[in-house]
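Engineer: Handing you a structure now.
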Amino acid sequence: MREFKNKVAVITGAGSGIGLAFAERCAYEGMKVVLTDIEEEALNRAEKIIRSLGADVLSVKCDVSKEKDVEFLTEKAFEIFGEVHLLFNNAGVAGGSLLWESTTEDWQWVMGVNLWGLINTTKTFVPKMLLQNKECHIVNTSSIAGLTSGPANGIYSMTKHAIVSFSETLYYELMLAHSLIGVSVLCPGFVRTRLMDSERNRPMELRNPNASMNITPHKQMMDHMLREGVSKGMPPEQVAEQVFQGIQGKQFYIFTHKEAKGTIKQRMEDILNENNPTFPFSI
Ligand SMILES: NC(=O)c1ccc[n+]([C@@H]2O[C@H](COP(=O)([O-])OP(=O)(O)OC[C@H]3O[C@@H](n4cnc5c(N)ncnc54)[C@H](O)[C@@H]3O)[C@@H](O)[C@H]2O)c1
43 MREFKNKVAV ITGAGSGIGL AFAERCAYEG MKVVLTDIEE EALNRAEKII RSLGADVLSV
103 KCDVSKEKDV EFLTEKAFEI FGEVHLLFNN AGVAGGSLLW ESTTEDWQWV MGVNLWGLIN
163 TTKTFVPKML LQNKECHIVN TSSIAGLTSG PANGIYSMTK HAIVSFSETL YYELMLAHSL
223 IGVSVLCPGF VRTRLMDSER NRPMELRNPN ASMNITPHKQ MMDHMLREGV SKGMPPEQVA
283 EQVFQGIQGK QFYIFTHKEA KGTIKQRMED ILNENNPTFP FSI
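Quick note on this note's numbering: the sequence shown kicks off at 43 and runs consecutively.
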């Protein structure tokens, strides 16, 4: 997709971080923007920001893990703007503990947002985008954690691995359908956002009853490391810049942190050489 002006973008998780940076970038490009998020206040703030940049905006409160919410979002987007050309599956949360200590609620919450969110939007938006028969693009946000593994971040990492495979499959299937829809999978390293405060948006029914008692020393260490990384991470605007270049260049894999490729390469070599996994960082 080369031309953005007057086209329509839909961004999930647009209230904060990378999603908000995507929305700002869409507005600068002269696009019409559909903002969606579970957090109403953040969504309202984002709407004001994007409107102040001169863009036509529709904002819809939506929990991407809920099929009905996503169906409503899709209906609204097509009702107001008629078409959708650029879809950012960006909403995501981080949560859970060591695999055997993570609760059913942890699994349901993180898989619900990160994985079912993508499944739901694919089911509702892609058939309509296919019917348009115009140049479109879909960006699915995975992570470096979607191509590597490490301790105490297993649910998140598993969903991000699934997003890579999902996106590769979507790419092949759209190609076989001779469609004009391009696909990218975004795999960032640390980005300065509110990801480590994801708990703020965890629905009541999926909260852990004894949350403070679930924190083991390994989980604490990992959380500390991730918090440090995110707080010193890349500005989200820089991610948006690279993603727009990637979309224009029809680039499938988008890595914002080239230095992380070493860890991915090590994992791939371990797999191909049938070696046991190399620990991804020093302990
Ligand atoms: N920040 C990083 O270091 C980093 C690295 C790799 C990948 N990512 C990915 O980037 C994406 C964006 O996250 P971010 O870092 O900007 O974090 P963020 O917390 O700043 O933004 C995430 C947004 O998603 C929204 N959200 C949460 N649950 C939702 C739901 N059920 N339905 C709709 N919206 C929901 C939040 O309200 C928030 O606005 C996520 O998929 C994340 O996994 C982030």
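Backbone N, C-alpha and C fix where the C-beta goes; we use that ideal spot for every residue, glycine too.
My output table needs one value for I223: the three-state DSSP class, helix, strand or coil.
Structural biologist: Numbered from its first residue, the sequence shown carries residue 223 at position 181. Correct three-state label for I223: strand.
Engineer: If distances are taken between C-alpha atoms only, which option among I92, K47, A133 comes closest to S240?
Structural biologist: Locating residue 240 in the sequence shown gives position 198, where the first residue counts as 1. The candidate whose alpha carbon is nearest that of S240 is A133.
Engineer: With 16 as the cutoff for other CB atoms within 10 Å, does G291 come out buried or exposed?
Structural biologist: The residue labelled residue 291 in the question sits at position 249 within the sequence shown. The residue in question, G291, is exposed, as its Cβ has fewer than 16 Cβ neighbours within 10 Å.
Engineer: Among L189, V50, A282, V281, which has the Cα closest to the Cα of H127?
Structural biologist: In the sequence shown, counting from the first residue as 1, residue 127 sits at position 85. Of the candidates L189, V50, A282, V281, the one whose C-alpha sits nearest the C-alpha of H127 is V50.
Engineer: I want to check one thing, is the minimum distance from the CB of F232 to the heavy atoms of ligand 1 below 7 angstroms?
Structural biologist: As a position in the sequence shown, residue 232 is number 190, starting the count at 1. Correct: F232 has its Cβ closer than 7 angstroms to ligand 1.
Engineer: I'd like to confirm something about L237: is its beta-carbon nearer than 7 angstroms to some heavy atom of ligand 3, or not?
Structural biologist: As far as ligands go, the structure on display features ligand 1 and does not contain ligand 3.
Engineer: Relative to the C-alpha of F232, which candidate in R249, P193, H299 has its C-alpha closest?
Structural biologist: As a first step, residue 232 is located in the sequence shown; it is residue number 190 there, counting from the start. Looking at the Cα atoms, H299 is the closest of the given residues.
Engineer: For ligand 1, is there a heavy atom less than 7 angstroms away from the beta-carbon of S273?
Structural biologist: Here residue 273 is taken as the residue at index 231 of the sequence shown, counted from 1. Placement of the Cβ of S273 at a distance of 7 angstroms or more from every heavy atom of ligand 1 is found.
Engineer: What does DSSP give as the partner residue(s) for D111 in the beta ladder?
Structural biologist: On the sequence shown, position 69 is the one that residue 111 refers to. Partner(s): none; D111 has no beta bridge.
Engineer: What span of residues does the beta strand (DSSP E) with F130 cover, start to end?
Structural biologist: Along the sequence shown, read from residue 1 onward, the residue named residue 130 stands at position 88. Note, F130: beta strand (DSSP E), 128 to 131.
Engineer: Beta strand (DSSP E) containing T18: first to last residue?
Structural biologist: The question about residue 18 has no answer here: the residues shown for the chain are numbered 43 through 325.
Engineer: State the DSSP-derived secondary structure class of V106, mapped to helix, strand or coil.
Structural biologist: As a working note, residue 106 is residue 64 in the sequence shown. V106 falls in the coil class under three-state DSSP.
Engineer: The alpha helix (DSSP H) spanning D312 covers which residue range?
Structural biologist: The residue given as residue 312 occupies position 270 in the sequence shown. 303 to 314 is the span of the alpha helix (DSSP H), which, as asked, contains D312.
Engineer: Does H179 pass the burial test, meaning 16 or more other C-beta atoms within 10 Å, or should it be called exposed?
Structural biologist: Position 137 of the sequence shown, counted from the start, is the residue given in the question as residue 179. H179 should be labelled buried.
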